[in-house]
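At position 100 of the sequence shown (counting the first as 1) the number is 100 in the working numbering, and the numbers step up by one without a gap.
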Amino acid sequence: MDERPEYERRDNVAFYSPDHQYLIYMKTFDGEKSQMNQIQILTRRPDGTLAKRIDAQKGLYNDGGWNFIEGIERKFDRSGENILEEEGFKKRYLPLEVKPSDFSREIQKPEELNFFQLARYILQSRRSGYNVR
């Protein structure tokens with residue numbers, strides 16, 4: 001019998017970094033492969049204006065960070081409205097402070113959740129921008 005945990009595939013995932021400096025949106029996330037697809041990463045300045053946007057076809061977790069494949073990076077002026085630089089890339093490594101487990105949840109039956117697992121789920125939902133009551 002296979003004892004590995006089963007991780008779910010999620011669609012339309014939005015996740016704020018713990019410091020709320022950037023927002024990651026992905027069309028799909030495959031928890032089994034630790035892979036994001038069709039990604040947008042928006043980085044904001046302290047005043048809330050858009051500083052940078054990265055779009056990529058795929059993101060793979062590796063060595064404590066993410067390798068993004070087939071993408072483009074845009075840097076914006078202080079207003080966050082005008083593009084100053086635009087650079088395409090085949091592969092780019094970013095040491096983001098998020099791990100696949102931040103996007104993925106182990107599939108468990110509700111009756112199997114203990115207090116600490118439930119608390120972690122609530123915290124992750126808040127970090128992802130969901131209104132948790």
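Glycine is no exception: its CB is placed at the ideal position from the N, C-alpha and C atoms.
Item	Value
Exposure label - E86; buried when at least 16 CB within 10 Å	exposed
Contact the region 84-98 vs the region 54-72: 3+ CB pairs below 8 Å	yes
Exposed unless 16 or more other CB atoms sit within 10 angstroms - verdict on I72	exposed
Residue burial classification, Y22 (beta-carbon count within 10 angstroms, cutoff 16)	buried
Start-to-end residues for the alpha helix (DSSP H) that takes in D77	Where D77 is concerned, there is no enclosing alpha helix (DSSP H), given that its DSSP letter is neither H nor E.
P100, buried or exposed, once every other Cβ within 10 Å from all chains shown has been counted against 16	buried
F15 classed as buried or exposed, judged by whether at least 16 other C-beta atoms fall within 10 angstroms	buried
Unbroken alpha helix (DSSP H) run spanning D102, endpoints	100-103
Endpoints, beta strand (DSSP E) assigned at E97	Where E97 is concerned, there is no enclosing beta strand (DSSP E), given that its DSSP letter is neither H nor E.
Burial state of I83, where buried means 16 or more other Cβ atoms lie within 10 Å	exposed
According to DSSP, residues forming a beta bridge with T43	Y22, K52
Cβ-Cβ distance between F68 and L50 below 7 Å	no
C-alpha gap between D63 and F29, whole angstroms	18 Å
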